[in-house]
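In short: position in the sequence shown from 1, add 935, done, that's my numbering. All C-beta atoms, glycine included, are put in the ideal place defined by N, C-alpha and C. Since this is a predicted model, take the numbers as computed values, not measurements. See structure below.
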Amino acid sequence: MNRFCRLALVALIPAAAMSFGLSAASAQTPSPAPAASASPSPAPSASPTPAASASPAPAATPSPAPAASASPSPSPTAAPPAASASPAPVQTADPFGQETTLEAKKVVMVKGTANWDSAFDTLIDAFKAVTALLDKQGIKPAGNPMIVYTSTDDTGFTFLAEIPVDQDLKNLPKDMSMGKSPEGKALKFVHRGSYDNMDNTYEAITNHLDDKKLEAKDTFIEEYLTDPLKTAEDKLVINVYVPLK
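Structure representation (structure tokens):
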């Protein structure tokens, strides 16, 4: 900021010098005119000459006035850019590390394992299987689909794909069961974008926990606010809950 101001001042110096030179030159040019008029007849020509020179003088004075009035006009126009900067805080509306308390919900769930390379496709397949069962039994979801990560390592992870419901399902497949979603104190974060870009979100979460000296449990939950089966991957909105010890 200071460097910019200095550069601006340096730029104004030659401009001021030029304007000063022009004003000095303009001040010198009228002086030869009266000298030429004095040579033919000093007495008669002197009276009309001041009358003529007086008329341009008032004409010159109004012209600077509009020029000066035009200069303040840029200052109100410069104000809107400051107002245009207001949309930036809108991006900070998403919670980041907000303390919350999770309430247990009745869910139908399916267990699964996945490799990191094909993680999102595996999660989508799990959601499709649970959704197909709900559709078959005519039961509507009672909340957003969730992924509960039960363990992770360098190659992959184990998870529970859960969808909240208001009633028990019948004739569940062997890999599905009824249960309860996690409950208790947790921190809430928000991710927007593709699943592949969630590494950046989790890195920010880890840094937040380190800065606050907070200890998290071994599990974490992703709540998909946008339907993962119908939403483009780069348009996902996901709440990430980190349960605290």
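>> According to DSSP, simplified to helix, strand and coil, what is residue 1104?
In response: Residue state, collapsed to three classes: coil.
> Taking the alpha carbon of residue 1132 as the point to measure from, which residue in 1057, 1113, 1173, 1094 has its own alpha carbon closest?
Replying inline: Considering only alpha carbons, the answer is 1173.
>> Check for me: the beta strand (DSSP E) holding residue 1035 runs from which residue to which?
In response: The continuous beta strand (DSSP E) containing residue 1035 extends over residues 1031-1037.
> Could you give the uninterrupted runs of the alpha helix (DSSP H) lying entirely in the segment 1115-1180, keeping only those of 4 residues or more?
Replying inline: As far as the segment 1115-1180 is concerned, its whole alpha helix (DSSP H) runs of at least 4 residues are 1133-1147.
> In chain order, what residues of the same chain have a beta carbon less than 8 Å from the beta carbon of residue 1054, not counting five sequence neighbours either side?
Replying inline: Closer than 8 Å at Cβ, skipping near neighbours: 1091, 1092, 1130.
>> Please report the distance separating the alpha-carbon of residue 1036 from that of residue 1143.
In response: If you draw a straight line from the Cα of residue 1036 to the Cα of residue 1143, it comes to about 18 Å.
> Taking the continuous beta strand (DSSP E) assigned at residue 1041, which residues delimit it?
Replying inline: 1041-1050 is the extent of the beta strand (DSSP E) around residue 1041.
> According to the neighbour-count rule (16 or more other Cβ atoms, all chains shown, within 10 Å of its Cβ), is residue 1081 buried or exposed?
Replying inline: Flag for residue 1081 reads buried.
>> Between which residues of its own chain and residue 1087 is the CB-CB distance below 6 Å, once the five residues before and five after are set aside?
In response: A distance below 6 Å between beta-carbons, with the five flanking residues on each side excluded, links residue 1087 to no residue of its chain.
> Is the segment 1070-1081 touching the segment 1121-1129 in the sense that three or more CB pairs, one from each, lie closer than 8 Å?
Replying inline: These segments do not touch.
> What three-state label does DSSP hand residue 1090 in the structure shown?
Replying inline: DSSP, reduced to helix, strand and coil, places residue 1090 outside both helices and strands of the structure shown, so it counts as coil.
> Starting from residue 892 and walking both ways along the alpha helix (DSSP H), at which residues does that stretch end?
Replying inline: A question about residue 892 goes unanswered here, because the residues of the chain that appear run from 936 up to 1180.
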